[in-house]
Structure formats: C-alpha cells, structure tokens
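Visitor: With the numbering used here as the guide, the letters of the sequence shown map in order to residues 224 to 647.
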Amino acid sequence: MGIIKRQTIFSTIITYFAVLIGFVNSAILLPKIDIEIVGLVNILVSYTIIISVFGNLGFNAVTTRLFPYFRNKENHHNGFMFVGIVVTLVGFILAIGVILIVKHFIVSNRPSGNLFVTYYNYLYLLVFFTLIFNLIDNYYKANFRSVRGTALKEFVPKFSIMIVLLLMVLSIFNTNQFVFWYCIALSLGGILFLIIASLEGDLIVKPKLSFIDKNLKRSMISVGSFGILSSATGMLAINVDRLMIESMLGLSATGIYSIAFYFGAIISIPSRALANISSSVIAESWKSNNIENISLIYRKSTINQFIIGGLLLIGIIINLENIFILLTDVYRPGKWVVVLIGITFLLDMLSGSGSQIIINSKYYKDQAILIMGFVICIICSNYFLISMYGITGAAIATLISKILFNLAKIILIKIRFNLQPYNK
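1) Are L349 and L439 closer than 9 Å when you measure CB to CB?
2) Report all residues from its chain with a CB closer than 7 Å to the CB of I601; omit the five preceding and five following residues, and keep chain order.
3) Check whether the region 277 to 287 touches the region 247 to 267, taking contact to mean three or more Cβ pairs, one atom from each stretch, closer than 8 Å.
4) For the alpha helix (DSSP H) holding Y485, just list the boundary residues, first then last.
5) Ordered along the chain, which non-local residues of its own chain (more than five positions away) have a Cβ less than 6 Å from that of V402?
6) Given this structure, state the Cα-to-Cα distance separating L323 from G473, to the nearest angstrom.
7) Quick check on this structure: which residue in F351, I505, G262 has the alpha carbon closest to the alpha carbon of F416?
8) Spatial neighbours of S269 within its chain, please: CB distance less than 7 Å, with the 5 preceding and 5 following residues excluded, ordered by chain position.
9) If you draw a straight line from the C-alpha of S275 to the C-alpha of I537, how long is it?
10) Using a Cβ cut-off of 9 Å (strictly closer), state whether I482 contacts chain D.
11) According to DSSP, is Y628 helix, strand or coil?
12) For S491 versus G532, is the C-beta spacing smaller than 9 Å?
13) Classify F607 as buried or exposed, calling it buried when 16 or more other Cβ atoms lie within 10 Å of its own Cβ.
14) Can you tell me whether I266 is buried or exposed? The criterion is at least 16 other CB atoms within 10 Å of its CB, across all chains shown.
15) Ends of the alpha helix (DSSP H) at R522?
16) Specify the secondary structure class of G613 as computed by DSSP and reduced to three states.
17) Span of the alpha helix (DSSP H) holding P254?
18) Pull up the CB-CB distance for I596 and I633, whole angstroms please, since I reckon it's below 8 Å.
19) Residues in its own chain within less than 7 Å of I407 by CB, not counting five upstream and five downstream?
20) In the DSSP assignment, find the alpha helix (DSSP H) that holds F396 and state where it starts and stops.
21) Please list the terminal residues of the continuous alpha helix (DSSP H) segment that includes G565.
22) Would you decide whether E469 is buried or exposed? Buried here means 16 or more other CB atoms lie within 10 Å of its CB.
23) Distance, Cα to Cα, I273 vs M304?
24) Classify L593 as helix, strand or coil using the three-state DSSP reduction.
25) Secondary structure at Y586, three-state DSSP: helix, strand or coil?
26) Decide yes or no for the touch test of the region 476 to 487 against the region 556 to 565: beta carbon pairs closer than 8 Å, at least 3 of them.
27) Rounded to a whole number of angstroms, what is the C-alpha to C-alpha distance between V392 and Q590?
28) Excluding the 5 residues flanking F529 on each side, which residues of the same chain have their C-beta closer than 6 Å to its C-beta?
29) Would you give the residue range spanned by the alpha helix (DSSP H) that T271 belongs to?
30) Starting from F351 and walking both ways along the alpha helix (DSSP H), at which residues does that stretch end?
31) How is Q579 classed by DSSP in three states: helix, strand or coil?
32) Quick one, are the C-beta atoms of I636 and Y521 less than 9 Å apart?
33) Could you tell me the alpha carbon to alpha carbon distance between I414 and A318, rounded to whole angstroms?
34) State the Cα-Cα distance for the pair L289 and I599, rounded to the nearest angstrom.
35) Specify the secondary structure class of L439 as computed by DSSP and reduced to three states.
36) For the alpha helix (DSSP H) holding F339, just list the boundary residues, first then last.
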C-alpha cells in the first residue's frame, strides 16, 4: 500500500493543479468561444479515444497484466518495449483504415459546412500521439512510475490548451489556427513522453523474442484480444453519449453536454490517480497470490474514494448556481447533467478498485462481458432518453447503466474471489 499511497497522493496533487487550469478552461474561457467549436473539439477527443483503443490492439492490457513476467531491469525487461513499439505501429496502420472507413459515414450524413467534416483529418495526428502516449504511460505505470504520466496527461495538455484558448478569446487566432493548435496541445503529452523516454533509455528496441515461449505468447494473444474487446467497449461506453448527442442533436448540444459533464466528473479525479498505480500493484499481488493485499486495496480504495467523492459532490451541488453564473445562460440546459453525472461517478467510486481486480485476475474475460452488457444498456437507454429529454436524458442513461454495471461487478467479485469491501 506504500507505493499506492505515495504515488496516489503525488498524482492527485498534480491532477488537482490540472483541475484548476481545467476549471479556467471550461468555466471561463471555453464559454467565450462559439458553442459549436466547443462541441467540435470534444467530439474529436471522443473519436480519438475510441479509435485509439482499437489501434492499441489490446497491448495496454498485456502491459498491465503480463509485464511482471518480463520484469528484469538489468536485461531491459527482456525486450518488452520492442514488442510494444511493433504492436503500436501496426495498430496505427490499422487505425488509419478505421479513420478512412468512418470518414465515409461522417461525410455522407452531415452537410458540407459541418465543422466536424471540415476538421475530421486531425484525427490522424491525435490518434498517433495518443497511441504513443498510452504505450509509454502503461510501461511506466508497470514500473511503478505513474506520476510522470499523470503530469503529461492531466497538466501539460490543459495548460497548453489554456494558452490556445486565450489566443482565441483575444481574437489572435481564427478558427483554423485554433483547431490546429488545440490538436497540437492535445498531442503534446505523447510528444514529450516520446522525447523523455528516448532520453532516459526506456525505448530499448533490441528484440528478445526467444524469451516469449509458447505459453507466454498464447497468454499475450488471449489477454490482448480480450483487452481490445474490454477497452474498446469501455471507451465506447464513456464516449457514446457525446457521439449520440452530436448525431441526434448537433454540435451545439454536444458543447453544452461536454462542459456540464466536466463539472460532474470532477469528483472522479482521485479514483483516476488511484487506478493508475493500483492496477500494477494488484497485478503483482495476483502473480504472488497475495489475496490479503488485494482485499486491503479493495477495502481502502472504496472507503477513501467515497469519502472524498462525497465531499466533492456536496461542494458542487451547493455551488451549482455559481457554476452557471460563470458559464452563462447558454449552458443552463446542462444543470441537471452536472448533478446526475456527479452522482454517477460517486456511485462508481463505491466499487473501489474492482475493475483492476477483475482485469488482472484469471477471470479477466468477465470484465469484457460486463462492459459489453454496459455498452448495450447505455446505447439503448441513450437512444430513447435523448429523444425524450435531450442532454439530460443522456445523463440519466449514464446513471442507470453505471448502477447496473457496478452492481454486477461487485457481485462478480464476491462470487469469484469472495471479496467485498463493505462492513456493517
């Protein structure tokens, strides 16, 4: 728990500095630019995340679950990074194909003047550096060095985006310049991580394929395959609301929902920092069959996250009116989105490190099945509730789906491992 506690504290501090900058961006600067542009940059991010998951080819899951078997610092971890680089490059080539295929449907279903159609090709840049970032970040987390990745993911892009937004608000940038530099800012974490890892000698590309015997190869293929399924459905679940809002209601509604979602999601920041390091520690505990340590992480992650998340949610609800004074009345339709998404993430934190426990166990395939059910639930509920209640309906759909998903996850862990984090 010492590593988890120390790195979670550092990561949380960094992340909350990033939240302050993100607050300036989302509450002060973004509302001052055209709402359709706000929707555009958010929908670009959503598509980037989903396509990058497919392009990763499940290697993030391989790193998290199987890196302990490669671990050997003196021997450059038996050529693990060489495999990662090859898989990432192959994945990017496949991602290019996905982007081209999706583009046909995007262009055919939207008018020629649509901003998303105009700037769609920036997805190539965003996906490439997202894949690079994920490769190196997961490698660092597997080596119990999660703080640097947190800084490059949370702080650096938000600070860069703040500068780009300021230049846009001051009318120094036009729309073309703004979108270009916004995408560069989003890619900056991957660019810097690539430079840092190269300078520190972490990108050792000398292959040691002889280390990967038949059993390890079979495990990598199995974990990677289910990693694609689990991660892809997971990212789709997180971003499907924006995709469906953009498709059904347009970029303006997407902009309102994205800003409101940001405020509701603030309470999840401690859980993101915790997940970054706890996953690697849990993987090591499964390798040594240290069930006691896994149980301890499960209990402590649940109670600590819920206490912090509960206090943050109370603070957000108390200040709800102040939030929309800052955002202006254009964003007021997102009021209930803030509350509902905040409750959603609070309930999510009540499941603690449950996802990391399943993913890193021999029952990792169960997580993929759970998330598939979650995706089906959220797509169906979004379709009906967005039609009836607009962006508030999307938030209700997310809340209902998350409740069902977390209940299933808690029950599964109890059945499979006889673990549960609650007392009377």
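The beta carbon of each residue, even a glycine, is placed where N, CA and C say it ideally should be.
Guide: A quick look at the data gives this:
1) The answer is no: Cβ separation not under 9 Å.
2) Once the five neighbours on either side are set aside, the close Cβ partners of I601 are A460, V463, A620, T621, S624.
3) When C-beta atoms of the region 277 to 287 are compared with those of the region 247 to 267, fewer than three pairs fall below 8 Å, so the two segments do not count as touching.
4) Unbroken alpha helix (DSSP H) run through Y485: 474 to 488.
5) Closer than 6 Å at the Cβ level, and outside the excluded window around V402, lie Y342.
6) Roughly 22 Å between the two C-alpha positions.
7) Each of F351, I505, G262 was checked against the Cα of F416, and the nearest Cα belongs to F351.
8) For S269, where only same-chain residues beyond five positions count, the Cβ hits under 7 Å are N462, R465, L466.
9) A straight line joining the alpha-carbon of S275 with that of I537 spans about 35 Å.
10) The structure shown contains no chain D; it holds only a single protein chain.
11) Reading the sequence as shown, one finds Phe at residue 628 and not Tyr. Note: F628 maps to helix in three-state DSSP.
12) In contact: S491 and G532 (Cβ atoms closer than 9 Å).
13) Counting Cβ neighbours within 10 Å, F607 comes out exposed, since fewer than 16 surround it.
14) With 16 or more Cβ atoms within 10 Å of its Cβ, I266 is classed as buried.
15) Unbroken alpha helix (DSSP H) run through R522: 514 to 541.
16) The three-state reading of DSSP puts G613 in coil, since its state is none of H, G, I, E or B.
17) For P254, no alpha helix (DSSP H) run applies, since DSSP gives it neither H nor E.
18) The sequence shown places Gly at residue 596, not Ile. 14 Å between Cβ atoms; not a contact.
19) If we look at I407 and ignore the five residues flanking it on each side, it has no Cβ neighbours.
20) In this chain, F396 is not harboured by any alpha helix (DSSP H), its DSSP state being neither H nor E.
21) Segment 558 to 572, the alpha helix (DSSP H) holding G565.
22) E469 is buried by the Cβ-count criterion.
23) Between the alpha carbons of I273 and M304 lies a distance of about 23 Å.
24) For L593, the secondary structure class from DSSP, reduced to helix, strand or coil, is helix.
25) Residue state, collapsed to three classes: coil.
26) Verdict: yes, contact present.
27) V392 and Q590: Cα-Cα distance of roughly 44 Å.
28) M572, L573.
29) T271 -> alpha helix (DSSP H) spans 258 to 278.
30) Taken as a continuous stretch (DSSP letters only), the alpha helix (DSSP H) holding F351 covers 345 to 365.
31) Look at Q579 here: in three-state DSSP terms it is helix.
32) It is a contact, given that the beta carbons lie within the stated cut-off.
33) Straight-line measurement puts the Cα of A318 at about 19 Å from the Cα of I414.
34) Answer to the nearest angstrom: the Cα atoms are 29 Å apart.
35) L439: helix per DSSP, three-state reduction.
36) In the DSSP assignment, F339 falls within the unbroken alpha helix (DSSP H) covering 338 to 341.
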